[in-house]
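In terms of the working numbering, the sequence shown opens at residue 1 and continues consecutively.
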Amino acid sequence: MRNVPAQVPTIKLHANSKITDDQLTQVLLGVEEESVPIEVVREDELNPLELAHNAAIASSLGIGIGISLDYVVVTTEKLPTERPYMATWLGDSWINDRHVGENAARLVKRTPLLRLALERSA
1 MRNVPAQVPT IKLHANSKIT DDQLTQVLLG VEEESVPIEV VREDELNPLE
51 LAHNAAIASS LGIGIGISLD YVVVTTEKLP TERPYMATWL GDSWINDRHV
101 GENAARLVKR TPLLRLALER SA
């Protein structure tokens with residue numbers, strides 16, 4: 001991942017401090033594949049809904065990703081905290097994680113979203 005200068009508009013990803021870099025990799029690669037800059041912030045917050053909402057508010061693009069526990073949440077600055085744009089399991093499959101990142105970037109670009117797995121694999 002490349003370091004993004006502060007003045008460049010970015011999607012913000014707020015992750016719980018216990019989430020590892022490996023857990024973030026596919027989500028970040030998905031955003032990068034769509035050529036949208038992203039900035040990662042670590043926090044102690046456990047609620048992925050709060051993390052995503054705070055990230056969206058902090059993002060100059062109005063899109064935020066929150067990752068905590070086993071969940072990844074994508075939302076916009078205009079949606080209420082408890083009603084995110086999408087929420088799914090983190091680490092269930094690498095392709096699902098990557099699609100979450102791609103979809104967050106596609107919200108910025110206003111292009112069609114990719115389908116996520118509807119069921120959790122065993």
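Where a beta carbon is used, it is the ideal one built from N, C-alpha and C, also for glycine.
Just to confirm my understanding: we take residue i, look at its own chain, exclude 5 residues before and 5 after, and list those with CB closer than 8 Å. What are they?
| i | result |
| --- | --- |
| residue 60 | 9 and 10 |
| residue 82 | 49 |
| residue 21 | none |
Would a C-beta distance cut-off of 7 Å place residue i and residue j closer than the cut-off?
| i | j | result |
| --- | --- | --- |
| residue 71 | residue 51 | no |
| residue 73 | residue 48 | yes |
| residue 103 | residue 68 | no |
| residue 113 | residue 96 | no |
| residue 40 | residue 79 | no |
| residue 63 | residue 107 | yes |
| residue 53 | residue 75 | yes |
| residue 94 | residue 7 | no |
Suppose the cutoff is 7 Å on Cβ atoms and the five residues either side in sequence are ignored; what does the same chain contact list for residue i look like?
| i | result |
| --- | --- |
| residue 29 | 98 and 101 |
| residue 84 | 49, 52, 73, 74 and 75 |
DSSP puts residue i in a beta bridge; with which residues?
| i | result |
| --- | --- |
| residue 126 | What is shown of the chain runs 1 to 122, which leaves residue 126 out entirely. |
Spatial neighbours of residue i within its chain, please: CB distance less than 6 Å, with the 5 preceding and 5 following residues excluded, ordered by chain position.
| i | result |
| --- | --- |
| residue 43 | 14 |
| residue 45 | 51 |
| residue 19 | 67 |
| residue 58 | 12 |
| residue 86 | 74 |
On the premise that residue j lies in contact with residue i, defined as a C-beta separation below 8 Å, what is that separation, rounded to the nearest angstrom?
| i | j | result |
| --- | --- | --- |
| residue 105 | residue 77 | So it is not a contact: roughly 16 Å between Cβ atoms. |
| residue 34 | residue 109 | 7 Å |
| message | Please give me, in chain order, every unbroken run of the beta strand (DSSP E) with length at least 3 that falls completely inside the segment 8 to 79. | response | 11 to 16, 38 to 43, 63 to 68 and 71 to 76
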